[in-house]
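The sequence shown begins at 1 in UniProt numbering and counts up one residue at a time.
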Amino acid sequence: MNSLVQDARKAAERVGLKSDTIVINGGRPLRGTIDVRGAKNLVTKAMVASLLGDTTSTLRDVPDISDVHVVASLLEIHGVKISGSAATGVLQLDPANVASAKSAEIDALSGSSRIPILFCGPLLHRLGHAFIPDLGGCRIGDRPIDFHLDALRAFGAVVDKLPSGINITAPNGLRGANIELPYPSVGATEQVLLTGVRALGTTELKNAAIEPEIMDLIAVLQKMGAIISVEPNRTIFIEGVETLNGFNHRALFDRNEAASWASAALATGGSIFTTGAKQSEMMTFLNVFRKIGGAFDIEEEGIRFYHPGGELKPVVIETDVHPGFMTDWQQPLIVALTQAQGTSIVHETVYENRFGFTDALIKMGAKIEVHKEGLADPNRRVPRRPLEQAAVISGPTKLHGTDLEVPDLRGGFSHLIAALVADGRSTVSNVGLIARGYGDFVGKLEKLGADFAFAA
Numbered sequence: 001m002n003s004l005v006q007d008a009r010k011a012a013e014r015v016g017l018k019s020d021t022i023v024i025n026g027g028r029p030l031r032g033t034i035d036v037r038g039a040k041n042l043v044t045k046a047m048v049a050s051l052l053g054d055t056t057s058t059l060r061d062v063p064d065i066s067d068v069h070v071v072a073s074l075l076e077i078h079g080v081k082i083s084g085s086a087a088t089g090v091l092q093l094d095p096a097n098v099a100s101a102k103s104a105e106i107d108a109l110s111g112s113s114r115i116p117i118l119f120c121g122p123l124l125h126r127l128g129h130a131f132i133p134d135l136g137g138c139r140i141g142d143r144p145i146d147f148h149l150d151a152l153r154a155f156g157a158v159v160d161k162l163p164s165g166i167n168i169t170a171p172n173g174l175r176g177a178n179i180e181l182p183y184p185s186v187g188a189t190e191q192v193l194l195t196g197v198r199a200l201g202t203t204e205l206k207n208a209a210i211e212p213e214i215m216d217l218i219a220v221l222q223k224m225g226a227i228i229s230v231e232p233n234r235t236i237f238i239e240g241v242e243t244l245n246g247f248n249h250r251a252l253f254d255r256n257e258a259a260s261w262a263s264a265a266l267a268t269g270g271s272i273f274t275t276g277a278k279q280s281e282m283m284t285f286l287n288v289f290r291k292i293g294g295a296f297d298i299e300e301e302g303i304r305f306y307h308p309g310g311e312l313k314p315v316v317i318e319t320d321v322h323p324g325f326m327t328d329w330q331q332p333l334i335v336a337l338t339q340a341q342g343t344s345i346v347h348e349t350v351y352e353n354r355f356g357f358t359d360a361l362i363k364m365g366a367k368i369e370v371h372k373e374g375l376a377d378p379n380r381r382v383p384r385r386p387l388e389q390a391a392v393i394s395g396p397t398k399l400h401g402t403d404l405e406v407p408d409l410r411g412g413f414s415h416l417i418a419a420l421v422a423d424g425r426s427t428v429s430n431v432g433l434i435a436r437g438y439g440d441f442v443g444k445l446e447k448l449g450a451d452f453a454f455a456a
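Right under this line is the structure:
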């Protein structure tokens with residue numbers, strides 16, 4: 001059994017899926033209402049932030065996803081007492097007895113999430129040392145951790161790379177630093193925030209990520225007692241404090257999940273009301289959704305996404321850091337673009353290997369050509385990057401059911417949408433990987449009228 005299948009089965013078990021394989025009979029529009037809880041990319045980081053406090057933290061709107069279970073397990077082996085549950089959406093995290101974890105315990109979880117690297121700053125403050133095993137996560141490119149390690153070194157940490165992982169110490173404590181990121185990495189920005197809030201002195205971070213999830217993490221840290229100011233031109237100042245308290249916070253909604261279900265509504269010709277979704281964090285996506293021919297209604301409780309009838313139109317998309325078009329949005333939307341009249345182009349500038357999922361779509365009948373060196377375009381808004389690729393999607397094309405193996409989180413949800421669009425039956429395996437970031441996606445498919453069943 002390969003590591004991908006093992007990770008998928010473990011993820012499925014954590015959230016109680018009956019099987020890691022489902023059989024879908026496609027061709028039925030998705031219609032109905034679903035709830036979108038807190039963002040995976042905020043909730044898991046806020047859980048780590050609880051390590052920095054001297055009192056209990058309460059986190060609300062927690063999604064019941066595998067990544068939350070992994071982070072909860074990592075916190076527990078480091079001595080954090082957790083009550084409540086992801087199933088109910090509320091967690092209490094008590095860090096009163098933070099302690100070192102055994103490397104074997106950490107290693108048992110190392111293939112399931114990349115978030116252990118963010119434990120470094122808080123553990124250095126609490127214990128003076130941290131151990132990080134080999135990192136897992138989605139297989140969509142290198143996603144180097146050098147940004148993280150360089151930031152920790154700037155604070156005064158000593159980094160030793162070992163065969164089993166990375167050992168990090170702070171023999172002289174952590175001090176504020178002047179850091180400029182070569183790229184506005186979300187993960188590296190989170191690292192600096194989680195480390196800088198209790199470092200001695202002031203930290204200046206230039207070229208920081210400013211995604212909504214970053215702003216929500218800053219809000220969490222401010223509730224804990226941190227002093228953080230966000231300045232123009234992607235600059236963040238952090239004035240270190242000696243102690244922090246716990247927080248009480250309701251997480252920002254998951255805009256990636258909302259966009260994924262929106263893409264499913266458009267691709268299947270359906271209508272989905274996403275309770276909890278907000279306009280302000282999704283404006284870039286909403287513009288593209290409308291250009292393609294989708295429609296949406298903004299309401300106080302959420303957003304309804306639907307196919308209004310007529311032909312879908314081709315578009316050109318360039319992924320970028322916020323406030324640009326998110327890389328996590330392009331994969332589900334590409335399935336809808338296979339049904340558009342004409343040729344669409346997606347320029348992927350954030351990750352170097354995010355079109356692998358299109359092989360399965362091509363197998364189903366889609367006309368997609370991936371350019372591994374990217375494509376030149378005089379009308380580009382986002383500067384070209386050495387790692388970028390481009391996908392050219394020609395439509396509309398009928399999709400036909402087939403056997404699909406989920407490769408990663410967002411690509412997996414895209415395969416799910418493709419199976420729902422396709423004529424005939426599709427068998428989708430490794431769906432546990434989808435449970436890494438989509439809470440109760442099986443229950444939501446049921447609510448929306450999808451025709452599917454777990455494989456025996």
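All residues carry an ideal CB built from backbone N, CA and C; glycine is no exception.
How big is the Cα-Cα spacing for residue i and residue j?
i	j	result
LEU93	MET224	13 Å
MET282	LYS81	35 Å
ALA419	VAL428	8 Å
PHE131	ASN172	18 Å
ALA46	ASP423	42 Å
GLY89	GLU373	43 Å
GLU318	ASN248	37 Å
PRO182	ASN207	7 Å
HIS347	SER260	18 Å
ALA455	GLY412	17 Å
THR202	GLY121	15 Å
ILE106	SER100	10 Å
ASP150	ILE115	17 Å
SER83	PHE119	20 Å
ALA312	VAL370	It should be noted that the sequence gives Leu, not Ala, for residue 312. Those two C-alpha atoms are separated by around 21 Å.
GLU446	LEU404	20 Å
LYS102	ALA154	27 Å
ALA376	TRP329	22 Å
ILE214	GLN222	12 Å
CYS138	LEU409	In this predicted model, CYS138 has a pLDDT of only 47, less than 50, meaning its place in the structure is not dependable; the value taken from the coordinates is given anyway. Each residue's Cα considered, the two are about 7 Å apart.
ILE227	ALA49	15 Å
ASP297	ASN287	13 Å
ASP20	TYR351	27 Å
VAL62	LEU91	7 Å
VAL382	ALA209	16 Å
LEU448	ALA11	23 Å
PHE289	TYR306	10 Å
PHE357	GLU257	18 Å
To the nearest whole angstrom, what separates the beta carbons of residue i and residue j, a pair I think is in contact under 8 Å?
i	j	result
ALA87	ASP64	5 Å
GLY293	GLY310	6 Å
LEU52	HIS125	7 Å
THR55	GLY246	4 Å
PRO308	ALA295	4 Å
ILE417	VAL335	4 Å
Can you tell which of the options has its C-alpha closest to the C-alpha of residue i?
i	options	result
LEU14	GLU211, ALA72, GLY156, ASP328	Rather than Leu, the amino acid found at residue 14 in this sequence is Arg. Among GLU211, ALA72, GLY156, ASP328, the Cα nearest to that of ARG14 belongs to ALA72.
ILE117	GLY187, ASN256, LYS291	GLY187
LEU193	ILE168, VAL230, VAL158, ASP160	VAL230
LEU59	PRO29, ARG250, GLU211	ARG250
GLY439	GLY32, PRO29, ARG37, ARG31	ARG37
GLY443	SER414, ILE34, THR169	ILE34
SER164	GLU388, PRO184, ALA108	ALA108
ASP320	ILE22, GLU446, THR189, ARG385	ARG385
PHE285	ASP254, GLY324, ASP297	GLY324
ASP146	ILE166, LEU127, GLY395	ILE166
GLN389	ILE345, LEU333, ARG425	ILE345
GLU26	ARG436, SER57, HIS415, GLY437	It should be noted that the sequence gives Gly, not Glu, for residue 26. With distances taken between Cα atoms, GLY26 lies closest to HIS415.
SER394	LEU152, ARG290, ALA340, ASN256	ALA340
SER426	SER3, PRO95, ALA450	ALA450
THR343	VAL392, GLY356, ASP408, ALA39	VAL392
PRO184	GLY79, HIS322, ARG255	HIS322
LEU205	ASN41, LEU152, LEU162	LEU152
For residue i, does the count of other Cβ atoms within 10 angstroms reach 16, so buried, or fall short, so exposed?
i	result
VAL379	Per the sequence shown, residue 379 should be read as Asn rather than Val. Its Cβ having fewer than 16 others within 10 Å, ASN379 is exposed.
GLU211	buried
ALA453	exposed
ILE140	Residue placement at ILE140 cannot be trusted, given a pLDDT of 38 that sits under 50; what the coordinates show is reported in the next sentence. Per the 10 Å Cβ criterion, buried.
GLN191	buried
VAL158	exposed
ASP142	Residue confidence is low: ASP142 scores 43 on pLDDT, short of 50, so the model does not pin down where it sits. Its coordinate-derived value is still stated next. Flag for ASP142 reads exposed.
ASN97	exposed
ILE179	buried
ASN2	exposed
- Is the stretch 294-307 in contact with the stretch 267-275, if contact means three or more CB pairs nearer than 8 Å? Verdict: yes, contact present.
- Would you check if there are 3 or more beta carbon pairs closer than 8 Å linking the stretch 392-404 to the stretch 356-376? yes
- Task: Evaluate contact between the stretch 421-439 and the stretch 6-13, counting only Cβ atoms and requiring at least three cross-stretch pairs below 8 Å.
- Result: Output reads yes: the stretch 6-13 touches the stretch 421-439.
- Message: Is it the case that the stretch 239-246 contacts the stretch 195-202, given that we only count it when at least three CB pairs across the two stretches are under 8 Å?
- Response: yes
- Using 8 Å as the Cβ pair cut-off and three pairs as the minimum, do the stretch 256-264 and the stretch 226-236 touch? no
- Mind the definition here: the stretch 210-218 touches the stretch 168-183 only if three or more C-beta pairs lie below 8 Å; say whether that holds. no
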